[in-house]
Amino acid sequence: MIPLPGESVVAMSGEGDAIAERLGARWMVGRSERKLIRAAQGGSETAMEELFRLHWPRAQRAAFLVVHDRAAAEDIAQEAFLAALRALERFDRRRPFGPWLHRIVVNRAIDHARSRKLRREVDPGEELADERAAPADSAGLSGELVAALRRLAPEHRAVIVLRYLLDFTPGEIAEALEMPRGTVNSRLRRGLDRLSLVLEEER
Numbered sequence: 429m430i431p432l433p434g435e436s437v438v439a440m441s442g443e444g445d446a447i448a449e450r451l452g453a454r455w456m457v458g459r460s461e462r463k464l465i466r467a468a469q470g471g472s473e474t475a476m477e478e479l480f481r482l483h484w485p486r487a488q489r490a491a492f493l494v495v496h497d498r499a500a501a502e503d504i505a506q507e508a509f510l511a512a513l514r515a516l517e518r519f520d521r522r523r524p525f526g527p528w529l530h531r532i533v534v535n536r537a538i539d540h541a542r543s544r545k546l547r548r549e550v551d552p553g554e555e556l557a558d559e560r561a562a563p564a565d566s567a568g569l570s571g572e573l574v575a576a577l578r579r580l581a582p583e584h585r586a587v588i589v590l591r592y593l594l595d596f597t598p599g600e601i602a603e604a605l606e607m608p609r610g611t612v613n614s615r616l617r618r619g620l621d622r623l624s625l626v627l628e629e630e631r
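Under this note's numbering, the letters of the sequence shown match residues 429 to 631, in that order.
This is how it looks when you write it as structure tokens:
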């Protein structure tokens with residue numbers, strides 16, 4: 429579970445299900461989604477629009493929590509969704525659509541965050557408007573927690589979003605980010621430790 433203000437990382441161990449429930453990190457799996465995907469694979473625009481409606485809010489929110497720029501997050505989520513639709517014919521509809529889509533979203537968000545970090549190293553004065561404020565997240569994350577996430581490195585931010593917002597397992601994160609599972613676990617530990625310290629500093 430993502431540590432909330434006043435809570436330690438140790439106290440959060442084993443409580444990932446609770447934060448996932450709170451944030452709605454559960455994928456719709458069943459005949460209804462498989463039917464939509466089958467129709468979308470057949471070219472149904474109505475089915476594509478329904479998939480978009482179902483998955484857009486969480487995709488956009490995940491992108492925002494990695495890049496902390498609302499305009500960029502919308503662009504990233506939209507581009508990721510279009511990429512997923514272009515590759516839909518290769519998708520196994522027995523699997524849930526959400527995790528597959530969000531792998532694309534988060535990978536693109538990481539790339540964007542890294543490139544922006546490089547730009548800001550060249551021009552330290554560059555600051556986007558969304559980074560001057562930390563509004564509360566629509567999923568129930570406080571402004572304080574959103575601001576704390578922004579202070580993490582993009583790599584740490586991404587694994588925390590995948591694990592505790594999107595409910596990926598460490599193995600699924602390793603597959604999505606194409607890295608060893610040990611690296612994922614290390615980034616999770618370091619990210620949570622850093623997040624806890626940032627929240628302590630803010631208090």
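Ideal Cβ positions, reconstructed from N, Cα and C, are used throughout, including at glycine.
Residue environment for Leu-620: buried (at least 16 other C-beta atoms within 10 angstroms of its C-beta). In this structure Ala-491 is buried. Its beta-carbon is surrounded by 16 or more other beta-carbon atoms within 10 angstroms. For the 9 Å CB-CB criterion, Ala-508 and Arg-536 form a contact. Secondary structure at Gly-610: helix, using DSSP grouped into helix, strand and coil.
In the three-state reduction of the DSSP assignment, Leu-516 falls in the helix class, which pools H, G and I.
Distance from the CA atom of Gly-470 to the CA atom of Ala-505, rounded to whole angstroms, is 23 Å. The Cβ atoms of Leu-605 and Val-589 lie no closer than 9 Å to each other. When the Cα atoms are used, Glu-572 and Leu-625 turn out to be separated by approximately 13 Å.
Check the Cα spacing between Asp-520 and each of Leu-493, Pro-608 and Lys-463: the tightest is with Lys-463.
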